[in-house]
Amino acid sequence: MKSEKSFQRYKTTKMEFGGTPGVTALIFMLPIIVYTINLACGKESCSITRLPKFPSFSYFFDMEATCIFFGWLAFQVVLSLLPVGQVIPGQLLNSGKRLMYRCNAFHALLISSAAFGLAVYCDVPLTIVYDKFYQILTAALVYSVFLSIALYFKSTLTADYNLAPGGNTGSIIYDFFVGHELNPRIGSLDLKIFFELRPGLIGWIMLNFVFVLKAYQDTGTLPPALAMVTAFQTLYIADILYFESHFLTTMDIMHDGFGYMLAFGDLVWVPFLYCLQTRYLLEHPRDLTWYAMCGIALLNFVGYYIFRSSNSEKNEFRKNPHDPKFDNYETIPTASGKKLLVSGWWGMVRKPNYLGDLCMALAWSLPCGLNAIPYFYPVYFLIFLVHRERRDSIECYKKYGSSWDRYCQRVKYKIFPYIY
Ligand code: NDP
Numbered sequence: 313m314k315s316e317k318s319f320q321r322y323k324t325t326k327m328e329f330g331g332t333p334g335v336t337a338l339i340f341m342l343p344i345i346v347y348t349i350n351l352a353c354g355k356e357s358c359s360i361t362r363l364p365k366f367p368s369f370s371y372f373f374d375m376e377a378t379c380i381f382f383g384w385l386a387f388q389v390v391l392s393l394l395p396v397g398q399v400i401p402g403q404l405l406n407s408g409k410r411l412m413y414r415c416n417a418f419h420a421l422l423i424s425s426a427a428f429g430l431a432v433y434c435d436v437p438l439t440i441v442y443d444k445f446y447q448i449l450t451a452a453l454v455y456s457v458f459l460s461i462a463l464y465f466k467s468t469l470t471a472d473y474n475l476a477p478g479g480n481t482g483s484i485i486y487d488f489f490v491g492h493e494l495n496p497r498i499g500s501l502d503l504k505i506f507f508e509l510r511p512g513l514i515g516w517i518m519l520n521f522v523f524v525l526k527a528y529q530d531t532g533t534l535p536p537a538l539a540m541v542t543a544f545q546t547l548y549i550a551d552i553l554y555f556e557s558h559f560l561t562t563m564d565i566m567h568d569g570f571g572y573m574l575a576f577g578d579l580v581w582v583p584f585l586y587c588l589q590t591r592y593l594l595e596h597p598r599d600l601t602w603y604a605m606c607g608i609a610l611l612n613f614v615g616y617y618i619f620r621s622s623n624s625e626k627n628e629f630r631k632n633p634h635d636p637k638f639d640n641y642e643t644i645p646t647a648s649g650k651k652l653l654v655s656g657w658w659g660m661v662r663k664p665n666y667l668g669d670l671c672m673a674l675a676w677s678l679p680c681g682l683n684a685i686p687y688f689y690p691v692y693f694l695i696f697l698v699h700r701e702r703r704d705s706i707e708c709y710k711k712y713g714s715s716w717d718r719y720c721q722r723v724k725y726k727i728f729p730y731i732y
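Here's what the structure looks like:
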């Protein structure tokens, strides 16, 4: 095992996202994008050709909305500390240590959904969340900024070997953005995985539930397109949370620190932008023919099948490469002892899981018809995953050198067979 001393000299030499100037621009631009897109797609009109009207500054601040946000956060903290779910070891870290994780995010989703149902039954005015959408968004944004500043200060007090491989450049702004400390914790609460999986992802589903409830209260019916997209997105999140242990091997956990990028992404970007399609379908209800709905559902389930089976294939292989089910799989050995799969999904394209994810992203927007704004998610997600594939490929090259080159020669296409 590597000694802790040998990690103290560890420094990140290569910056991503355009380095310090790039991340400085992103820190300000990302919140502007969230507000602009949401305001551009309102009840009266949803159009990219008309500039959105920005209400007065004070409109975005509201005490009740702030209390709703912090109440939600506190509820999720309590659920994460419940002594249910397996405790499992994470991956071996740069420090030579493994952290232990209690996997109960799926339980948190079930309890949150049950609490939502109970609140509806008890006539709690849940649609206030829709009415105060922008004010809750603002509370989440302000909190994510303070959280990132606190995380940066905390990271300056930790040992060097706890710093993130990707966020230890010495540039305060860059490290603040990408995340300086890899896995900051308060007691047993792992802040990064908590914020990655709970308040934002479960919050996204709760926003969708609120939109469905609002539609039902306004019209007395459940609009089929809205219900369908809510069901698809709930399945997606339920799957991610059910397979929480798989998340421990992702780039987010192994490579990226916990800073502004993830804090803002988890609390603001994901819940308040990814619900764009469902909010659109609430405010602009559409009738879909049964065959259009069947076609969209087929695309979603094909995407889900590719996403789930490719992620499971790799995770099972990483967990136990000697499992007899991999006997007939072709692999490429690497100097680290790990092997790369060249059969199955990972022999078709280098990122079959991204392909599945993108099919689902498209299926969630198609029910919105031809309006461009609800397609923000698949378009942004495509750019995000192409960039993520490049980042991961660089990391894999660092890990596996010529074996990675051989893999790339064997598996020519990155995400889309015969296209890219
Ligand atoms: P991957 O799950 O693709 O993991 C990448 C790692 O897999 C590599 O670093 C390497 O790690 C291993 N690997 C790559 N190729 C092979 C191979 N041929 N054989 C064996 N192992 C291989 O990346 P992500 O963490 O980016 O994605 C996980 C899932 O999360 C995806 O489905 C993605 O679409 C989804 N996602 C969704 C987001 C959202 O906002 N909805 C955001 C980000 C991701 P090693 O060799 O060290 O095991």
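Numbers 313 to 732, taken from our numbering, label the letters of the sequence shown in order. Just so it is clear, CB atoms sit at the ideal spot from N, CA and C, and this is done for glycine as well.
>> Just checking residue 704 against ligand 1 - is the residue's beta carbon closer than 7 Å to any of the ligand's heavy atoms?
In response: Stepping through the sequence shown from its first residue, residue 704 is reached at position 392. Residue 704 Cβ: within cutoff of ligand 1.
> Below 8 Å between beta carbons: does that hold for residue 444 and residue 374?
Replying inline: Along the sequence shown, one-based indexing puts residue 444 at 132. Along the sequence shown, one-based indexing puts residue 374 at 62. Contact flag set, yes.
> When you compare each of 376, 346, 575, 646 to residue 437 by their alpha carbons, which one comes out closest?
Replying inline: Here the question's residue 437 lines up with position 125 in the sequence shown. Comparing Cα-Cα distances from residue 437 to each of 376, 346, 575, 646, the minimum goes to 376.
> What distance in whole Å lies between the Cβ atoms of residue 391 and residue 423, which are believed to be in contact at a cut-off of 8 Å?
Replying inline: Taking the sequence shown and counting its residues from 1, the one referred to as residue 423 is at position 111. Taking the sequence shown and counting its residues from 1, the one referred to as residue 391 is at position 79. Confirmed, about 6 Å.
> With C-beta atoms as the reference, is residue 734 less than 8 Å away from residue 582?
Replying inline: Limits of the chain in this structure are 313 at one end and 732 at the other, which puts residue 734 out of reach.
> Roughly how many whole angstroms lie between the Cα atoms of residue 542 and residue 668?
Replying inline: Your numbering for residue 542 matches position 230 in the sequence shown. Your numbering for residue 668 matches position 356 in the sequence shown. Rounded to whole angstroms, residue 542 to residue 668 spans 18 Å at the Cα level.
>> Short of 6 Å in beta carbon distance, which residues of its chain neighbour residue 402, apart from the five on each side in sequence? Order them along the chain.
In response: If you number the sequence shown from 1, residue 402 lands on position 90. Once the five neighbours on either side are set aside, the close Cβ partners of residue 402 are 410, 411, 413, 560.
> Taking all protein chains shown into account, do 16 or more other C-beta atoms lie within 10 angstroms of the C-beta of residue 690, making it buried, or fewer, making it exposed?
Replying inline: Numbered from its first residue, the sequence shown carries residue 690 at position 378. The residue in question, residue 690, is buried, as its Cβ has 16 or more Cβ neighbours within 10 Å.
>> Can you tell me which residues form a DSSP beta bridge with residue 502?
In response: Here residue 502 refers to the residue found at position 190 when the sequence shown is read from its first residue. 497, per the DSSP bridge assignment.
>> I'd like the list of long-range same chain contacts for residue 462, defined as Cβ closer than 8 Å, with 5 residues on each side in sequence excluded.
In response: Counting from 1 along the sequence shown, the entry for residue 462 is found at position 150. Once the five neighbours on either side are set aside, residue 462 has no close Cβ partner at all.
> What is the C-beta distance between residue 380 and residue 441, in whole angstroms, given that I count them as a contact (C-beta under 8 Å)?
Replying inline: In the sequence shown, the residue the question calls residue 380 occupies position 68. In the sequence shown, the residue the question calls residue 441 occupies position 129. Their Cβ separation, rounded to whole angstroms, is 7 Å, which keeps residue 380 and residue 441 in contact under 8 Å.
>> Going by DSSP in three states, residue 643 sits in which element: helix, strand or coil?
In response: Against the sequence shown, residue 643 aligns to sequence position 331. If DSSP states are grouped into helix, strand and coil, residue 643 belongs with the strands.
> So what's residue 358 in DSSP terms, helix, strand or just coil?
Replying inline: Position 46 of the sequence shown, counted from the start, is the residue given in the question as residue 358. In the structure shown, residue 358 sits in a strand (DSSP, three-state: E or B).
> Would the C-beta of residue 711 count as close to ligand 1, meaning under 7 Å from any of its heavy atoms?
Replying inline: As a working note, residue 711 is residue 399 in the sequence shown. Answer for residue 711: yes, Cβ within range of ligand 1.
> Is the Cβ-Cβ distance between residue 351 and residue 366 less than 8 Å?
Replying inline: What you label residue 351 is simply residue 39 of the sequence shown in a count that begins at 1. What you label residue 366 is simply residue 54 of the sequence shown in a count that begins at 1. Yes, they are a contact pair.
> How about residue 672 and residue 619: are their beta carbons less than 8 Å apart?
Replying inline: As a first step, residue 672 must be located in the sequence shown, where it is residue number 360. As a first step, residue 619 must be located in the sequence shown, where it is residue number 307. Result yes, Cβ atoms of residue 672 and residue 619 sit closer than 8 Å.
> Going by the CB atoms, is the gap between residue 449 and residue 584 shorter than 8 Å?
Replying inline: Locating residue 584 in the sequence shown gives position 272, counting from the first residue. Locating residue 449 in the sequence shown gives position 137, counting from the first residue. Their beta carbons are under 8 Å apart, which means residue 584 touches residue 449 by this criterion.
> Going by C-alpha distance, which of 405, 658, 511, 544 is nearest residue 383?
Replying inline: Against the sequence shown, residue 383 aligns to sequence position 71. Checking every option, the nearest Cα to that of residue 383 belongs to 511.
>> What residue range does the alpha helix (DSSP H) around residue 606 cover?
In response: Numbered from 1 along the sequence shown, position 294 holds the residue referred to as residue 606. Start and end: 602-631.
>> Please report the distance separating the alpha-carbon of residue 326 from that of residue 335.
In response: Walking along the sequence shown from the start, residue 326 turns up at place 14. Walking along the sequence shown from the start, residue 335 turns up at place 23. One C-alpha to the other measures close to 14 Å.
> Which residues in the same chain have their Cβ closer than 8 Å to the Cβ of residue 697, if we skip the five residues on either side of it in sequence?
Replying inline: Numbered from its first residue, the sequence shown carries residue 697 at position 385. Closer than 8 Å at Cβ, skipping near neighbours: 663, 666, 669, 670, 727.
> Between residue 341 and ligand 1, is the CB less than 7 Å from at least one heavy atom?
Replying inline: The sequence position of residue 341 within the sequence shown is 29, counting from 1. No.
> From what residue to what residue does the beta strand (DSSP E) around residue 651 run?
Replying inline: As a working mapping, residue 651 is identified with position 339 in the sequence shown. First-last of the beta strand (DSSP E) with residue 651: 651-653.
> Would residue 591 be called buried (16 or more neighbouring beta carbons within 10 Å of its own) or exposed?
Replying inline: Position 279 of the sequence shown, counted from the first residue, corresponds to residue 591. Label assigned to residue 591: buried.
> The beta strand (DSSP E) with residue 398 in it runs from where to where?
Replying inline: The residue labelled residue 398 in the question sits at position 86 within the sequence shown. 398-401 is the span of the beta strand (DSSP E), which, as asked, contains residue 398.
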